[in-house]
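Numbering (our numbering), first residue to last: 2 to 373.
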């Protein structure tokens, strides 16, 4: 039976579902407050347009508020303003076209071209141009949706939504480090859980535990991708936002750690695949020393996750990994067993990646390993 065939059993499904559920709840926890703020802003924008402006169906007021705020904590005032102005511009131009020359294919093309060019003239931001084009198409293509308040009624609705979104963004300033910190902690915790499961399988000789560790490692890729996306977005924000520039050093470190932890997890998957073949080999191998080393890597990963989540220097993780790296001599740990020694060699690469993620330069990390 091939590893892929083994991975299709109930255990595989259980591990994948559990990993996806953990990652999903982590996303929910991160997005809960921003979504709540956007929901309130959408409701307030609708209420203002309905009660104050007297529009019977102020559809674009909540739409504008939701698009401008979104569901993440990356709410730089410039970004929110770009989105709000883009929506208002597209809706306004669409309203003028509908009431001036009607609707149809050439009207849609005309308003899209005008909206995009005007947006590019007003600002270099791509979000403003994108939203202006999309909203102008919506207005001209679906002229009956939310048509209330006269020729510029939908434009005033969009303006109200955008202003409410700007007020929320200004009154609830966000820390650009929050999301990459949370995503980094979640991703490294997943890796630590995978390594603990692998260590247990190596210690007991249980192939199912090793297989589950491999499946969990594969299922962690979305969390790693989300972390890298969050770190990249936060670094981009720090370049343009004066308030965020003081965090640039930490955000750069988090971004570099995201890349190196991703590399470490890929090495951990290779280690798990090789471990599966070794555990199933006959006669049985004594893999307790390897299991102990993998368990220590898991503990160091836990410490790294805590440091990433709090934004502190990962001293504990670094010290544990440096001590372990100095002991990873395959001929000492697993003498006279070339298959177990091959696992130690793979573990050395994993430890070097985590050392770099914790702030140790590549040369020092490699030189800490015993010479072969």
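Note that the Cβ used here is the ideal one computed from N, Cα and C, for glycine as well.
All values derive from a computational prediction rather than experimental measurement.
Residue nearest to residue i in terms of C-alpha spacing, selected from the options
{"i": "residue 256", "options": "271, 93, 282 and 188", "result": "188"}
{"i": "residue 94", "options": "112, 344, 186 and 197", "result": "112"}
{"i": "residue 404", "options": "364, 352, 19 and 331", "result": "With the chain covering 2 to 373 only, the question about residue 404 has no answer from this structure."}
{"i": "residue 211", "options": "220, 219 and 201", "result": "201"}
{"i": "residue 191", "options": "370, 373 and 20", "result": "20"}
{"i": "residue 104", "options": "142, 224 and 343", "result": "142"}
{"i": "residue 100", "options": "121, 40, 154 and 39", "result": "154"}
{"i": "residue 209", "options": "363, 222, 228 and 278", "result": "278"}
C-beta atoms of residue i and residue j nearer than 8 Å
{"i": "residue 139", "j": "residue 49", "result": "no"}
{"i": "residue 206", "j": "residue 262", "result": "no"}
{"i": "residue 329", "j": "residue 318", "result": "no"}
{"i": "residue 347", "j": "residue 298", "result": "no"}
{"i": "residue 215", "j": "residue 235", "result": "no"}
{"i": "residue 92", "j": "residue 136", "result": "yes"}
{"i": "residue 289", "j": "residue 219", "result": "no"}
{"i": "residue 355", "j": "residue 282", "result": "no"}
{"i": "residue 213", "j": "residue 53", "result": "no"}
Sequence-distant residues of the same chain with beta carbon closer than 7 Å to residue i, five excluded per side
{"i": "residue 43", "result": "63, 66 and 67"}
{"i": "residue 81", "result": "69, 70, 166, 167 and 170"}
{"i": "residue 231", "result": "180, 181 and 184"}
{"i": "residue 102", "result": "108"}
{"i": "residue 1", "result": "For residue 1 there is no data in the structure shown, the boundaries of the chain being 2 and 373."}
{"i": "residue 300", "result": "321"}
{"i": "residue 343", "result": "275"}
{"i": "residue 173", "result": "38"}
{"i": "residue 369", "result": "323, 326 and 327"}
{"i": "residue 121", "result": "130"}
Distance cut-off 7 Å: residue i Cβ against heavy atoms of the ligand HEM
{"i": "residue 13", "result": "Here there are no bound small molecules, and the ligand HEM is not part of this structure."}
Burial state of residue i, where buried means 16 or more other Cβ atoms lie within 10 Å
{"i": "residue 395", "result": "With the chain covering 2 to 373 only, the question about residue 395 has no answer from this structure."}
{"i": "residue 357", "result": "buried"}
{"i": "residue 375", "result": "Outside the displayed span of the chain (2 to 373) sits residue 375, for which this structure offers no information."}
{"i": "residue 35", "result": "buried"}
{"i": "residue 5", "result": "Confidence at residue 5 is low in this model, with a pLDDT of 46, below 50, so the placement of that residue should be treated as unreliable; the coordinate-derived value is given next. Under this definition residue 5 is an exposed residue."}
{"i": "residue 118", "result": "exposed"}
Close beta carbons around residue i, own chain, < 8 Å, minus the five adjacent residues each side
{"i": "residue 309", "result": "182, 185, 186, 189, 255, 258 and 315"}
{"i": "residue 367", "result": "353"}
{"i": "residue 338", "result": "286 and 287"}
{"i": "residue 372", "result": "none"}
Same chain only: Cβ atoms within 6 Å of residue i, ignoring 5 sequence neighbours per side
{"i": "residue 27", "result": "187"}
{"i": "residue 32", "result": "72"}
{"i": "residue 89", "result": "159, 160 and 163"}
{"i": "residue 224", "result": "24, 187, 188 and 191"}
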